[in-house]
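Student:
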Amino acid sequence: MLTSLEHVRHLEREAARLAAEIEAARRGLTAREGDMAAALAAGEDDGAIRRHLAKDRDTLAVLESRHRATVAAVPLALRAAADAARQEVADTVAGMRPDAEHEAGRIAAALAELADARARLDGIHRAADGLIAEYGRAYDKRARAAAGLPPQGRPADTGTEWTRRAARAAAVALEGREARVFAREAGEVAHA
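Now the structure itself:
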């Protein structure tokens, strides 16, 4: 495709160069015709001027012929370049299809993996919400059981019988795992 386009550009440059040469040849021919007219007006018949004039006319005719052929070749070269470009694009697209299908498969697999991860994350969120709710219920029970403790809201550091009795009473009010945790914490604070 690039070589076809380069050929078109070359033809366009050649046509422009030939047009400039034609203009120069026409100016030269006009000057020779003026010289011939002056010589004929002076009564001279110089065969050399006639020969140069005929040669310049032949050169001009050849240049004009080459220019017409070059100008006519430009659209043909453009059409050939367009066909080559279409073919190259078609070949490139055909080569890209398997790659695109492979990438589409990878993207679909990644999306499926993301969907699985989202489902797992939703499960973790639901489990965390359940744990938060369970902790909230246990905290409410602890707060109600702690109402019998000293005003600071924690067992006194004295380790007295009253502190141990209050901790046991609070532990009895709680159920299951929360009761064991609360008794252990109260015991650790009392013995500290």
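Take the numbering used here: the last position of the sequence shown gets the number 203, and nothing is skipped along the way. Cβ coordinates follow ideal geometry from the N, Cα and C atoms, glycine included.
1) Please say whether residue 45 and residue 67 have beta carbons closer to each other than 8 Å?
2) Hey, would you say residue 36 sits closer than 8 Å to residue 74, going by beta carbons?
3) On the three-pair Cβ rule with 8 Å, is the stretch 13 to 31 touching the stretch 91 to 98?
4) State buried or exposed for residue 87, treating a residue as buried only when at least 16 other CB atoms are found within 10 Å of its CB.
5) Can you name, in chain order, every residue of its own chain whose Cβ lies under 7 Å from the Cβ of residue 25, other than the five neighbours on each side?
6) Flag this pair as yes or no: are the beta carbons of residue 47 and residue 60 separated by less than 8 Å?
7) Excluding the five sequence neighbours on either side, which residues of its own chain have a C-beta within less than 8 Å of the C-beta of residue 103, listed in chain order?
8) Can you list, in chain order, the residues of its chain with a C-beta nearer than 6 Å to that of residue 84? Leave out the 5 residues immediately preceding and following it.
9) Tell me the DSSP secondary structure of residue 56 in three-state form.
10) Looking only at its own chain, which residues have a Cβ that is under 7 Å from the Cβ of residue 145, when we skip the five neighbours before and after it?
11) For residue 29, does the count of other Cβ atoms within 10 angstroms reach 16, so buried, or fall short, so exposed?
12) So what does DSSP say about residue 166, is it helix, strand or coil?
13) For a minimum of 3 consecutive residues, which ranges assigned as the beta strand (DSSP E) are wholly contained in the stretch 108 to 148?
14) Who are the near neighbours of residue 71 in its chain, counting only those whose CB is closer than 8 Å to its CB and skipping five residues on each side?
15) To the nearest angstrom, how far is the alpha carbon of residue 116 from that of residue 136?
Tutor: On the basis of the coordinates in this document:
1) no
2) yes
3) yes
4) exposed
5) 81
6) yes
7) none
8) 22
9) coil
10) none
11) buried
12) Caution is warranted here: a pLDDT of 49 is assigned to residue 166, below 50, making its placement in the model unreliable, and the coordinate value is therefore given only provisionally. Correct three-state label for residue 166: coil.
13) none
14) 33, 36, 37 and 40
15) 30 Å
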